[in-house]
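Engineer:
Numbering (UniProt numbering), first residue to last: 1 to 477.
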(Lines of atoms letter the chains of each structure in order from A and count residues from 1; the text may use other names and numbers.)
(Lines give C-alpha, C1' and ligand atoms only; values in the text may rest on other atoms or scores of the structure.)
Protein backbone atom coordinates (compact mmCIF):
# COMPACT_ATOMS: atom_id res chain seq x y z
CA UNK A 1 0.00 0.00 0.00
CA UNK A 2 2.79 2.44 0.83
CA UNK A 3 4.97 1.61 -2.19
CA UNK A 4 4.71 5.05 -3.81
CA UNK A 5 5.19 6.87 -0.50
CA UNK A 6 8.15 4.66 0.37
CA UNK A 7 9.72 5.34 -3.04
CA UNK A 8 9.37 9.10 -2.50
CA UNK A 9 10.97 8.94 0.95
CA UNK A 10 13.83 6.78 -0.33
CA UNK A 11 14.50 9.17 -3.19
CA UNK A 12 14.36 12.21 -0.91
CA UNK A 13 16.85 10.86 1.62
CA UNK A 14 19.17 9.49 -1.05
CA UNK A 15 19.44 13.01 -2.45
CA UNK A 16 19.86 14.50 1.02
CA UNK A 17 22.83 12.23 1.82
CA UNK A 18 24.72 13.47 -1.24
CA UNK A 19 24.61 17.15 -0.29
CA UNK A 20 27.39 17.10 2.28
CA UNK A 21 26.92 19.56 5.11
CA UNK A 22 23.28 20.63 5.24
CA UNK A 23 21.85 24.14 5.44
CA UNK A 24 18.50 25.44 6.59
CA UNK A 25 17.38 25.68 2.95
CA UNK A 26 18.23 21.97 2.47
CA UNK A 27 15.97 21.10 5.41
CA UNK A 28 13.18 23.28 4.04
CA UNK A 29 13.45 21.69 0.58
CA UNK A 30 13.40 18.19 2.11
CA UNK A 31 10.38 19.02 4.28
CA UNK A 32 8.57 20.38 1.21
CA UNK A 33 9.18 17.11 -0.68
CA UNK A 34 8.00 15.06 2.29
CA UNK A 35 4.90 17.24 2.66
CA UNK A 36 3.99 16.81 -0.99
CA UNK A 37 4.50 13.02 -0.75
CA UNK A 38 2.25 12.77 2.31
CA UNK A 39 -0.51 14.89 0.79
CA UNK A 40 -0.43 12.83 -2.41
CA UNK A 41 -0.85 9.72 -0.24
CA UNK A 42 -4.12 11.11 1.18
CA UNK A 43 -2.80 11.94 4.63
CA UNK A 44 -5.03 14.54 6.31
CA UNK A 45 -3.83 18.12 5.84
CA UNK A 46 -3.79 18.93 9.57
CA UNK A 47 -1.71 15.82 10.28
CA UNK A 48 0.76 16.73 7.53
CA UNK A 49 1.12 20.32 8.78
CA UNK A 50 1.84 19.19 12.36
CA UNK A 51 4.23 16.49 11.13
CA UNK A 52 6.25 18.85 8.91
CA UNK A 53 6.40 21.58 11.58
CA UNK A 54 7.84 19.12 14.11
CA UNK A 55 10.33 17.58 11.67
CA UNK A 56 11.52 21.00 10.46
CA UNK A 57 12.05 22.37 13.96
CA UNK A 58 13.93 19.31 15.23
CA UNK A 59 16.02 19.00 12.06
CA UNK A 60 17.17 22.62 12.09
CA UNK A 61 18.10 22.24 15.76
CA UNK A 62 20.14 19.13 14.85
CA UNK A 63 22.23 21.12 12.33
CA UNK A 64 23.72 23.16 15.15
CA UNK A 65 24.99 20.12 17.03
CA UNK A 66 26.29 17.99 14.15
CA UNK A 67 29.09 19.07 11.79
CA UNK A 68 29.35 16.15 9.32
CA UNK A 69 26.94 16.20 6.38
CA UNK A 70 26.32 12.46 6.53
CA UNK A 71 25.63 12.64 10.26
CA UNK A 72 23.20 15.50 9.69
CA UNK A 73 21.33 13.57 6.98
CA UNK A 74 21.10 10.52 9.24
CA UNK A 75 19.86 12.70 12.08
CA UNK A 76 17.07 14.06 9.85
CA UNK A 77 16.21 10.49 8.83
CA UNK A 78 15.93 9.42 12.49
CA UNK A 79 13.76 12.46 13.26
CA UNK A 80 11.37 11.57 10.43
CA UNK A 81 11.32 7.93 11.54
CA UNK A 82 10.48 8.87 15.14
CA UNK A 83 7.80 11.31 13.95
CA UNK A 84 6.20 8.65 11.74
CA UNK A 85 6.10 6.20 14.65
CA UNK A 86 4.47 8.89 16.79
CA UNK A 87 1.64 9.70 14.37
CA UNK A 88 1.05 5.97 13.82
CA UNK A 89 0.35 5.56 17.51
CA UNK A 90 3.74 5.29 19.21
CA UNK A 91 3.71 1.63 20.21
CA UNK A 92 1.63 -1.49 19.65
CA UNK A 93 -1.34 -1.99 21.97
CA UNK A 94 -2.93 -5.35 22.60
CA UNK A 95 -6.40 -6.33 23.76
CA UNK A 96 -7.03 -5.72 27.47
CA UNK A 97 -8.41 -8.95 28.88
CA UNK A 98 -11.17 -8.70 31.44
CA UNK A 99 -10.35 -9.75 35.00
CA UNK A 100 -13.51 -11.84 35.00
CA UNK A 101 -14.00 -13.63 31.65
CA UNK A 102 -15.31 -13.38 29.07
CA UNK A 103 -13.52 -10.45 27.47
CA UNK A 104 -16.18 -8.76 25.32
CA UNK A 105 -15.06 -7.14 22.04
CA UNK A 106 -17.51 -5.14 19.93
CA UNK A 107 -16.79 -4.39 16.27
CA UNK A 108 -18.18 -1.22 14.69
CA UNK A 109 -17.82 0.45 11.30
CA UNK A 110 -19.42 1.10 7.94
CA UNK A 111 -20.81 -1.61 5.69
CA UNK A 112 -18.14 -2.87 3.31
CA UNK A 113 -15.25 -2.29 5.71
CA UNK A 114 -14.92 -6.05 6.21
CA UNK A 115 -16.21 -6.43 9.79
CA UNK A 116 -17.57 -9.96 9.40
CA UNK A 117 -14.37 -11.36 7.87
CA UNK A 118 -12.39 -9.36 10.41
CA UNK A 119 -14.38 -10.98 13.23
CA UNK A 120 -13.22 -14.38 11.97
CA UNK A 121 -9.61 -13.23 11.65
CA UNK A 122 -9.63 -11.84 15.18
CA UNK A 123 -11.19 -15.04 16.53
CA UNK A 124 -8.58 -17.21 14.75
CA UNK A 125 -5.74 -14.98 15.97
CA UNK A 126 -6.72 -15.49 19.62
CA UNK A 127 -7.84 -19.10 19.25
CA UNK A 128 -4.35 -19.93 17.94
CA UNK A 129 -2.99 -18.52 21.21
CA UNK A 130 -5.09 -20.90 23.30
CA UNK A 131 -8.14 -18.71 23.92
CA UNK A 132 -11.75 -19.85 23.47
CA UNK A 133 -13.56 -17.14 21.51
CA UNK A 134 -17.27 -17.09 20.64
CA UNK A 135 -18.54 -15.17 17.61
CA UNK A 136 -21.92 -13.42 18.01
CA UNK A 137 -23.95 -12.61 14.89
CA UNK A 138 -25.57 -9.25 15.69
CA UNK A 139 -25.54 -7.96 12.13
CA UNK A 140 -29.15 -8.78 11.30
CA UNK A 141 -29.48 -6.09 8.65
CA UNK A 142 -27.13 -6.97 5.78
CA UNK A 143 -28.33 -9.85 3.58
CA UNK A 144 -26.66 -13.17 4.48
CA UNK A 145 -24.43 -11.55 7.11
CA UNK A 146 -25.36 -14.23 9.68
CA UNK A 147 -24.71 -17.02 7.18
CA UNK A 148 -21.36 -15.50 6.25
CA UNK A 149 -20.26 -15.38 9.88
CA UNK A 150 -21.34 -19.00 10.36
CA UNK A 151 -19.29 -20.08 7.35
CA UNK A 152 -16.27 -18.14 8.61
CA UNK A 153 -16.64 -19.62 12.11
CA UNK A 154 -16.88 -23.15 10.75
CA UNK A 155 -13.74 -22.69 8.64
CA UNK A 156 -11.67 -21.79 11.73
CA UNK A 157 -13.49 -24.16 14.13
CA UNK A 158 -14.85 -21.30 16.27
CA UNK A 159 -18.51 -21.51 17.45
CA UNK A 160 -21.02 -18.87 16.34
CA UNK A 161 -23.98 -17.70 18.43
CA UNK A 162 -26.72 -16.98 15.87
CA UNK A 163 -30.30 -17.38 17.18
CA UNK A 164 -31.71 -15.18 14.40
CA UNK A 165 -31.48 -15.69 10.63
CA UNK A 166 -31.02 -11.98 10.00
CA UNK A 167 -31.85 -10.43 6.62
CA UNK A 168 -33.78 -7.70 8.43
CA UNK A 169 -35.36 -10.02 11.02
CA UNK A 170 -34.59 -9.97 14.75
CA UNK A 171 -33.35 -7.59 17.46
CA UNK A 172 -29.53 -7.16 17.30
CA UNK A 173 -29.38 -5.75 20.84
CA UNK A 174 -31.07 -8.82 22.33
CA UNK A 175 -28.85 -11.14 20.30
CA UNK A 176 -25.67 -9.37 21.49
CA UNK A 177 -26.77 -9.48 25.14
CA UNK A 178 -27.87 -13.12 24.90
CA UNK A 179 -24.54 -13.99 23.22
CA UNK A 180 -22.55 -12.63 26.16
CA UNK A 181 -24.73 -14.53 28.64
CA UNK A 182 -24.29 -17.71 26.60
CA UNK A 183 -20.50 -17.24 26.64
CA UNK A 184 -20.53 -16.88 30.44
CA UNK A 185 -22.63 -20.02 30.85
CA UNK A 186 -20.44 -22.08 28.51
CA UNK A 187 -17.20 -20.56 29.91
CA UNK A 188 -15.83 -19.02 26.72
CA UNK A 189 -13.12 -16.52 27.67
CA UNK A 190 -13.74 -14.14 24.75
CA UNK A 191 -16.80 -12.81 22.89
CA UNK A 192 -16.51 -11.04 19.53
CA UNK A 193 -19.72 -9.24 18.54
CA UNK A 194 -20.22 -8.50 14.84
CA UNK A 195 -22.56 -5.52 14.36
CA UNK A 196 -24.36 -4.02 11.37
CA UNK A 197 -22.98 -1.20 9.28
CA UNK A 198 -24.43 1.23 6.77
CA UNK A 199 -23.24 2.59 3.46
CA UNK A 200 -22.97 5.95 5.19
CA UNK A 201 -23.21 7.46 8.65
CA UNK A 202 -26.80 7.94 9.81
CA UNK A 203 -28.81 8.30 13.04
CA UNK A 204 -30.17 4.75 12.90
CA UNK A 205 -26.67 3.23 12.66
CA UNK A 206 -25.33 5.24 15.58
CA UNK A 207 -28.38 4.56 17.73
CA UNK A 208 -28.18 0.80 17.19
CA UNK A 209 -24.43 0.74 17.90
CA UNK A 210 -24.92 2.72 21.12
CA UNK A 211 -27.71 0.42 22.27
CA UNK A 212 -25.55 -2.67 21.71
CA UNK A 213 -22.67 -0.97 23.54
CA UNK A 214 -24.86 -0.15 26.53
CA UNK A 215 -26.37 -3.66 26.62
CA UNK A 216 -23.10 -5.65 26.61
CA UNK A 217 -20.64 -3.18 28.24
CA UNK A 218 -17.72 -4.26 26.01
CA UNK A 219 -14.16 -4.31 27.31
CA UNK A 220 -12.95 -3.14 23.88
CA UNK A 221 -14.77 -1.38 21.04
CA UNK A 222 -12.82 -1.69 17.81
CA UNK A 223 -13.53 0.62 14.90
CA UNK A 224 -13.04 -1.32 11.66
CA UNK A 225 -12.09 0.86 8.70
CA UNK A 226 -11.17 0.18 5.10
CA UNK A 227 -7.65 1.59 4.63
CA UNK A 228 -8.39 2.26 0.97
CA UNK A 229 -11.16 4.87 1.40
CA UNK A 230 -8.72 7.77 1.77
CA UNK A 231 -9.82 11.03 3.43
CA UNK A 232 -13.27 9.60 4.23
CA UNK A 233 -11.61 7.32 6.77
CA UNK A 234 -10.81 10.33 8.96
CA UNK A 235 -14.32 11.80 8.70
CA UNK A 236 -15.95 8.44 9.45
CA UNK A 237 -13.68 7.68 12.39
CA UNK A 238 -14.42 11.07 13.95
CA UNK A 239 -18.18 10.47 13.57
CA UNK A 240 -17.95 7.06 15.27
CA UNK A 241 -15.69 8.43 17.99
CA UNK A 242 -18.20 11.13 18.93
CA UNK A 243 -21.32 9.03 18.28
CA UNK A 244 -20.40 5.68 19.84
CA UNK A 245 -16.80 5.89 21.00
CA UNK A 246 -14.10 3.29 20.41
CA UNK A 247 -10.87 2.13 22.04
CA UNK A 248 -8.82 1.15 19.01
CA UNK A 249 -8.75 0.95 15.23
CA UNK A 250 -8.47 -2.06 12.93
CA UNK A 251 -7.29 -1.39 9.37
CA UNK A 252 -8.56 -3.76 6.68
CA UNK A 253 -7.35 -4.15 3.09
CA UNK A 254 -3.88 -2.88 4.01
CA UNK A 255 -2.60 -4.97 1.10
CA UNK A 256 -4.44 -2.80 -1.43
CA UNK A 257 -2.84 -0.53 -3.99
CA UNK A 258 -4.35 2.76 -2.86
CA UNK A 259 -2.32 5.57 -1.33
CA UNK A 260 -3.06 4.54 2.25
CA UNK A 261 -3.01 7.92 3.99
CA UNK A 262 -5.78 6.76 6.33
CA UNK A 263 -3.29 4.76 8.38
CA UNK A 264 -1.20 7.88 8.91
CA UNK A 265 -4.20 10.05 9.80
CA UNK A 266 -6.64 8.14 12.02
CA UNK A 267 -4.39 7.54 15.02
CA UNK A 268 -3.15 11.14 15.04
CA UNK A 269 -6.61 12.72 14.75
CA UNK A 270 -8.66 10.41 16.99
CA UNK A 271 -5.89 9.81 19.54
CA UNK A 272 -6.84 6.12 19.42
CA UNK A 273 -4.22 3.47 18.53
CA UNK A 274 -4.29 1.27 15.43
CA UNK A 275 -4.36 -2.12 17.13
CA UNK A 276 -4.63 -4.63 14.28
CA UNK A 277 -4.13 -4.77 10.54
CA UNK A 278 -5.60 -7.10 7.94
CA UNK A 279 -3.06 -7.65 5.15
CA UNK A 280 -4.72 -10.13 2.80
CA UNK A 281 -7.76 -12.23 1.95
CA UNK A 282 -6.79 -15.31 3.97
CA UNK A 283 -8.04 -15.56 7.55
CA UNK A 284 -4.40 -15.87 8.66
CA UNK A 285 -3.46 -12.55 7.00
CA UNK A 286 -3.92 -10.62 10.23
CA UNK A 287 -1.64 -9.37 12.99
CA UNK A 288 -1.02 -6.77 15.65
CA UNK A 289 -0.21 -3.35 14.19
CA UNK A 290 3.34 -2.25 15.08
CA UNK A 291 3.88 1.50 14.38
CA UNK A 292 7.68 1.17 14.38
CA UNK A 293 7.55 -1.63 11.79
CA UNK A 294 5.17 0.29 9.55
CA UNK A 295 7.39 3.38 9.77
CA UNK A 296 10.36 1.20 8.83
CA UNK A 297 8.55 -0.06 5.72
CA UNK A 298 7.49 3.45 4.70
CA UNK A 299 11.09 4.62 4.94
CA UNK A 300 12.31 1.72 2.81
CA UNK A 301 14.00 -0.22 5.63
CA UNK A 302 11.75 -3.25 5.27
CA UNK A 303 10.10 -5.21 8.06
CA UNK A 304 12.54 -7.91 9.09
CA UNK A 305 10.88 -8.40 12.50
CA UNK A 306 7.53 -9.42 10.98
CA UNK A 307 9.28 -11.60 8.41
CA UNK A 308 11.21 -13.35 11.18
CA UNK A 309 8.03 -14.00 13.18
CA UNK A 310 6.29 -15.39 10.10
CA UNK A 311 9.25 -17.68 9.38
CA UNK A 312 9.22 -19.05 12.95
CA UNK A 313 5.54 -19.96 12.55
CA UNK A 314 6.02 -21.53 9.11
CA UNK A 315 9.21 -23.53 9.69
CA UNK A 316 8.77 -26.46 12.04
CA UNK A 317 11.31 -26.38 14.88
CA UNK A 318 12.01 -30.13 14.78
CA UNK A 319 12.60 -30.07 11.01
CA UNK A 320 14.99 -27.12 11.34
CA UNK A 321 16.88 -28.88 14.14
CA UNK A 322 17.23 -32.04 12.01
CA UNK A 323 18.60 -30.00 9.10
CA UNK A 324 21.13 -28.27 11.34
CA UNK A 325 22.26 -31.62 12.76
CA UNK A 326 22.53 -33.08 9.26
CA UNK A 327 24.56 -30.10 8.08
CA UNK A 328 26.90 -30.35 11.09
CA UNK A 329 27.40 -34.11 10.65
CA UNK A 330 28.41 -33.73 7.01
CA UNK A 331 25.34 -35.35 5.46
CA UNK A 332 24.16 -33.99 2.13
CA UNK A 333 21.07 -31.83 1.80
CA UNK A 334 18.58 -33.92 -0.19
CA UNK A 335 15.56 -33.19 -2.36
CA UNK A 336 13.44 -34.48 0.53
CA UNK A 337 14.86 -31.69 2.71
CA UNK A 338 14.32 -29.29 -0.15
CA UNK A 339 10.64 -30.32 -0.38
CA UNK A 340 10.17 -29.67 3.36
CA UNK A 341 11.55 -26.17 2.86
CA UNK A 342 9.28 -25.51 -0.12
CA UNK A 343 6.22 -26.60 1.86
CA UNK A 344 7.23 -24.31 4.74
CA UNK A 345 7.78 -21.41 2.35
CA UNK A 346 4.28 -21.91 0.96
CA UNK A 347 2.91 -21.24 4.47
CA UNK A 348 4.60 -17.84 4.52
CA UNK A 349 2.31 -16.50 1.81
CA UNK A 350 3.17 -14.94 -1.52
CA UNK A 351 6.85 -14.45 -2.32
CA UNK A 352 6.08 -10.89 -3.44
CA UNK A 353 4.88 -10.08 0.08
CA UNK A 354 7.92 -11.78 1.64
CA UNK A 355 10.40 -9.99 -0.62
CA UNK A 356 8.60 -6.71 0.05
CA UNK A 357 9.58 -6.99 3.75
CA UNK A 358 13.29 -7.00 2.95
CA UNK A 359 15.32 -3.80 3.35
CA UNK A 360 15.75 -1.98 0.05
CA UNK A 361 12.83 -3.80 -1.56
CA UNK A 362 11.56 -0.48 -2.91
CA UNK A 363 14.43 -0.42 -5.39
CA UNK A 364 13.35 -3.86 -6.66
CA UNK A 365 9.67 -3.02 -7.01
CA UNK A 366 9.35 -4.08 -10.65
CA UNK A 367 11.27 -7.33 -10.13
CA UNK A 368 9.11 -8.19 -7.11
CA UNK A 369 5.89 -7.38 -8.95
CA UNK A 370 6.99 -9.56 -11.89
CA UNK A 371 8.05 -12.49 -9.72
CA UNK A 372 6.41 -15.69 -10.94
CA UNK A 373 4.57 -17.06 -7.88
CA UNK A 374 3.89 -20.29 -9.77
CA UNK A 375 7.61 -21.19 -9.87
CA UNK A 376 7.53 -22.65 -6.34
CA UNK A 377 4.31 -24.57 -7.09
CA UNK A 378 5.83 -26.06 -10.27
CA UNK A 379 9.06 -26.95 -8.48
CA UNK A 380 7.15 -28.59 -5.64
CA UNK A 381 5.14 -30.64 -8.16
CA UNK A 382 8.32 -31.96 -9.77
CA UNK A 383 9.88 -33.02 -6.46
CA UNK A 384 6.62 -34.56 -5.23
CA UNK A 385 6.49 -36.68 -8.41
CA UNK A 386 9.77 -38.35 -7.43
CA UNK A 387 10.03 -41.52 -5.35
CA UNK A 388 11.70 -41.33 -1.90
CA UNK A 389 14.79 -43.03 -3.35
CA UNK A 390 15.04 -40.46 -6.16
CA UNK A 391 14.73 -37.58 -3.70
CA UNK A 392 17.48 -38.96 -1.50
CA UNK A 393 19.82 -39.80 -4.39
CA UNK A 394 19.26 -37.76 -7.59
CA UNK A 395 22.07 -39.74 -9.25
CA UNK A 396 19.60 -42.55 -9.99
CA UNK A 397 17.55 -40.21 -12.19
CA UNK A 398 18.14 -41.67 -15.63
CA UNK A 399 16.23 -40.70 -18.78
CA UNK A 400 13.18 -42.91 -18.23
CA UNK A 401 12.79 -41.78 -14.62
CA UNK A 402 12.98 -38.13 -15.63
CA UNK A 403 10.36 -38.70 -18.33
CA UNK A 404 8.05 -40.31 -15.75
CA UNK A 405 8.56 -37.41 -13.31
CA UNK A 406 7.82 -34.87 -16.04
CA UNK A 407 4.62 -36.70 -16.95
CA UNK A 408 3.53 -36.99 -13.30
CA UNK A 409 4.12 -33.31 -12.57
CA UNK A 410 2.73 -32.00 -15.84
CA UNK A 411 6.05 -30.37 -16.71
CA UNK A 412 8.61 -30.81 -19.47
CA UNK A 413 11.64 -33.10 -19.18
CA UNK A 414 13.86 -30.04 -19.69
CA UNK A 415 12.35 -28.46 -16.53
CA UNK A 416 13.10 -31.62 -14.54
CA UNK A 417 16.67 -31.59 -15.87
CA UNK A 418 17.00 -27.91 -15.01
CA UNK A 419 15.86 -28.46 -11.42
CA UNK A 420 18.18 -31.44 -10.87
CA UNK A 421 21.16 -29.55 -12.32
CA UNK A 422 20.54 -26.50 -10.15
CA UNK A 423 20.01 -28.65 -7.07
CA UNK A 424 23.33 -30.42 -7.70
CA UNK A 425 25.07 -27.04 -7.93
CA UNK A 426 23.45 -25.89 -4.70
CA UNK A 427 24.48 -29.14 -3.00
CA UNK A 428 28.11 -28.59 -4.03
CA UNK A 429 28.03 -25.03 -2.70
CA UNK A 430 26.70 -26.24 0.65
CA UNK A 431 29.57 -28.72 0.87
CA UNK A 432 32.00 -25.86 0.21
CA UNK A 433 30.45 -23.77 2.98
CA UNK A 434 30.51 -26.71 5.40
CA UNK A 435 34.19 -27.34 4.61
CA UNK A 436 35.09 -23.70 5.20
CA UNK A 437 35.19 -22.71 1.53
CA UNK A 438 33.78 -19.57 -0.07
CA UNK A 439 31.31 -20.39 -2.85
CA UNK A 440 31.07 -18.02 -5.79
CA UNK A 441 27.34 -17.35 -5.33
CA UNK A 442 24.26 -18.13 -3.27
CA UNK A 443 22.62 -21.51 -3.62
CA UNK A 444 19.12 -20.08 -4.01
CA UNK A 445 17.54 -23.10 -2.40
CA UNK A 446 14.15 -21.49 -1.94
CA UNK A 447 13.98 -20.16 -5.49
CA UNK A 448 15.38 -22.73 -7.90
CA UNK A 449 14.85 -20.51 -10.93
CA UNK A 450 17.09 -17.84 -9.40
CA UNK A 451 19.97 -20.18 -8.56
CA UNK A 452 23.14 -20.12 -10.66
CA UNK A 453 23.46 -22.55 -13.53
CA UNK A 454 25.69 -25.59 -12.97
CA UNK A 455 29.33 -25.05 -13.66
CA UNK A 456 30.95 -26.75 -16.62
CA UNK A 457 33.24 -29.66 -15.78
CA UNK A 458 36.78 -28.45 -16.54
CA UNK A 459 38.32 -30.13 -19.57
CA UNK A 460 41.63 -31.97 -19.42
CA UNK A 461 44.65 -29.81 -20.04
CA UNK A 462 45.86 -29.74 -23.64
CA UNK A 463 49.09 -28.53 -25.11
CA UNK A 464 49.04 -24.82 -25.92
CA UNK A 465 48.78 -23.72 -29.51
CA UNK A 466 51.58 -21.73 -31.08
CA UNK A 467 49.03 -19.37 -32.63
CA UNK A 468 48.52 -16.46 -30.11
CA UNK A 469 44.88 -15.88 -31.13
CA UNK A 470 44.02 -19.56 -30.90
CA UNK A 471 45.88 -19.87 -27.59
CA UNK A 472 43.87 -16.95 -26.13
CA UNK A 473 40.65 -18.61 -27.24
CA UNK A 474 41.66 -21.92 -25.67
CA UNK A 475 42.56 -20.24 -22.39
CA UNK A 476 39.23 -18.37 -22.24
CA UNK A 477 37.37 -21.63 -22.86
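All residues carry an ideal CB built from backbone N, CA and C; glycine is no exception.
Taking the alpha-carbon of residue 272 as reference, which of 278, 245 and 288 has the nearest alpha-carbon?
Structural biologist: For the purposes of this step, residue 272 is identified with residue 272 of the chain shown, where counting begins at 1. Selected option, being the one with the closest Cα: 245.
Engineer: Report whether the distance from the Cβ of residue 211 to the nearest heavy atom of the ligand GTP is below 7 Å.
Structural biologist: With respect to the ligand GTP, the structure offers nothing, as it holds no ligand at all.
Engineer: Kindly indicate which residue of 254, 292 and 298 has the alpha-carbon position closest to the one of residue 280.
Structural biologist: In the chain shown, residue 280 corresponds to position 280, counting from 1. The shortest C-alpha separation from residue 280 is found at 254.
Engineer: Are the beta-carbon atoms belonging to residue 123 and residue 224 less than 8 Å from one another?
Structural biologist: Reading the chain shown from its first residue, position 123 is the one you call residue 123. Reading the chain shown from its first residue, position 224 is the one you call residue 224. Not a contact, by the Cβ cut-off of 8 Å.
Engineer: Let me confirm a value: residue 407 is counted as buried when at least 16 other C-beta atoms fall within 10 Å, else exposed. Which label applies?
Structural biologist: For the purposes of this step, residue 407 is taken as the residue at position 407 of the chain shown. Burial call: exposed.
Engineer: Does the Cβ of residue 291 have 16 or more other Cβ atoms within 10 Å, making it buried, or fewer, making it exposed?
Structural biologist: Numbered from its first residue, the chain shown carries residue 291 at position 291. Label assigned to residue 291: buried.
Engineer: Within 10 angstroms of its Cβ, does residue 13 collect 16 or more other Cβ (buried), or is it exposed?
Structural biologist: Here the question's residue 13 lines up with position 13 in the chain shown. Counting Cβ neighbours within 10 Å, residue 13 comes out buried, since at least 16 surround it.
Engineer: To the nearest angstrom, report how far apart residue 380 and residue 403 are at their CA atoms.
Structural biologist: Against the chain shown, residue 380 aligns to sequence position 380. Against the chain shown, residue 403 aligns to sequence position 403. If you take the alpha carbons of residue 380 and residue 403, they lie about 17 Å apart.
Engineer: Out of 127, 152 and 378, point me to the one whose CA is closest to residue 117's CA.
Structural biologist: To locate residue 117, count along the chain shown from 1; it is residue 117. Per the Cα distances, 152.
Engineer: How many whole angstroms separate the CB atoms of residue 218 and residue 343, which I take to be in contact at a CB cut-off of 8 Å?
Structural biologist: Along the chain shown, one-based indexing puts residue 218 at 218. Along the chain shown, one-based indexing puts residue 343 at 343. In fact, because the Cβ distance is near 40 Å, the residues do not count as touching under 8 Å.
Engineer: Sort out for me which residues DSSP pairs residue 106 with in a bridge.
Structural biologist: The residue given as residue 106 occupies position 106 in the chain shown. 193 and 221, per the DSSP bridge assignment.
Engineer: Give a yes or no on contact between the region 154 to 171 and the region 226 to 241, applying the rule of three or more CB pairs nearer than 8 Å.
Structural biologist: no
Engineer: Less than 8 Å between the beta carbons of residue 222 and residue 247, yes or no?
Structural biologist: Walking along the chain shown from the start, residue 222 turns up at place 222. Walking along the chain shown from the start, residue 247 turns up at place 247. A contact, by the Cβ cut-off of 8 Å.
Engineer: Using three-state DSSP, classify residue 288 as helix, strand or coil.
Structural biologist: Residue mapping note: residue 288 aligns to position 288 of the chain shown, counting from 1. Per DSSP, reduced to three states, the secondary structure at residue 288 is strand.
Engineer: Excluding five sequence neighbours on each side, which residues of the same chain lie with their C-beta closer than 7 Å to the C-beta of residue 420?
Structural biologist: Here residue 420 refers to the residue found at position 420 when the chain shown is read from its first residue. Within the same chain, residue 420 has close Cβ partners 394 and 397.
Engineer: For residue 495, write down the residues that DSSP places opposite it in a beta bridge.
Structural biologist: Nothing can be reported for residue 495, as the shown portion of the chain is limited to 1 through 477.
Engineer: Please check if any C-beta of chain E sits within less than 8 Å of the C-beta of residue 381.
Structural biologist: Annotation note: the requested chain E is absent from the structure, which comprises a single protein chain.
Engineer: Distance, Cα to Cα, residue 49 vs residue 43?
Structural biologist: Along the chain shown, one-based indexing puts residue 49 at 49. Along the chain shown, one-based indexing puts residue 43 at 43. C-alpha separation (whole angstroms): 10 Å.
Engineer: Can you tell me where the beta strand (DSSP E) with residue 275 in it begins and where it stops?
Structural biologist: On the chain shown, residue 275 is found 275 positions in, with the first residue counted as 1. 274 to 278 is the extent of the beta strand (DSSP E) around residue 275.
Engineer: Starting from residue 135, trace the beta strand (DSSP E) in both directions and tell me its first and last residue.
Structural biologist: The sequence position of residue 135 within the chain shown is 135, counting from 1. Element bounds for residue 135: 133 to 138.
Engineer: Whole-angstrom Cβ separation of residue 194 and residue 139, contact assumed at under 8 Å?
Structural biologist: Stepping through the chain shown from its first residue, residue 194 is reached at position 194. Stepping through the chain shown from its first residue, residue 139 is reached at position 139. With 8 Å as the limit, residue 194 and residue 139 qualify as a contact, their Cβ atoms being about 5 Å apart.
Engineer: With a threshold of 16 other CB atoms inside 10 Å of the CB of residue 148, please say whether the residue is buried or exposed.
Structural biologist: Within the chain shown, numbered from 1, the residue matching residue 148 stands at position 148. Flag for residue 148 reads buried.
Engineer: For residue 478, which residues of its own chain have a beta-carbon under 8 Å away from its beta-carbon, when the five flanking residues on both sides are left out?
Structural biologist: Any answer about residue 478 is impossible in this case: the structure gives the chain only from 1 up to 477.
Engineer: Hey, could you find the ends of the beta strand (DSSP E) residue 334 is sitting in?
Structural biologist: Walking along the chain shown from the start, residue 334 turns up at place 334. That residue, residue 334, is in no beta strand (DSSP E); it is neither H nor E in DSSP.
Engineer: Should residue 220 be labelled buried (16 or more other beta-carbon atoms within 10 Å of its own) or exposed?
Structural biologist: Counted from its first residue, the chain shown places residue 220 at position 220. Per the 10 Å Cβ criterion, buried.
Engineer: On the CB-based measure, 16 or more other CB atoms within 10 Å of its CB, does residue 191 come out buried or exposed?
Structural biologist: Working through the chain shown from its first residue, we reach residue 191 at position 191. With 16 or more other Cβ atoms within 10 Å, it is buried.
Engineer: Return the residue from the list 24, 99, 37 and 189 that minimises the CA-CA distance to residue 130.
Structural biologist: One-based indexing of the chain shown puts residue 130 at position 130. Out of 24, 99, 37 and 189, 189 has the C-alpha closest to the C-alpha of residue 130.
Engineer: Out of 187, 82, 134 and 186, which has the shortest C-alpha to C-alpha gap to residue 162?
Structural biologist: As a position in the chain shown, residue 162 is number 162, starting the count at 1. Considering only 187, 82, 134 and 186, the residue with the shortest C-alpha distance to residue 162 is 134.
Engineer: Which of the three DSSP states is assigned to residue 161 in this structure?
Structural biologist: For the purposes of this step, residue 161 is taken as residue 161 along the chain shown, with counting starting at 1. Residue state, collapsed to three classes: strand.
Engineer: Is the region 13 to 33 touching the region 230 to 243, taking contact as three or more C-beta pairs under 8 Å?
Structural biologist: no
Engineer: How about residue 176 and residue 146: are their beta carbons less than 8 Å apart?
Structural biologist: Numbered from its first residue, the chain shown carries residue 176 at position 176. Numbered from its first residue, the chain shown carries residue 146 at position 146. It is not a contact, given that the beta carbons lie outside the stated cut-off.
Engineer: Could you please give the first and the last residue of the uninterrupted beta strand (DSSP E) stretch that includes residue 528?
Structural biologist: For residue 528 there is no data in the structure shown, the boundaries of the chain being 1 and 477.
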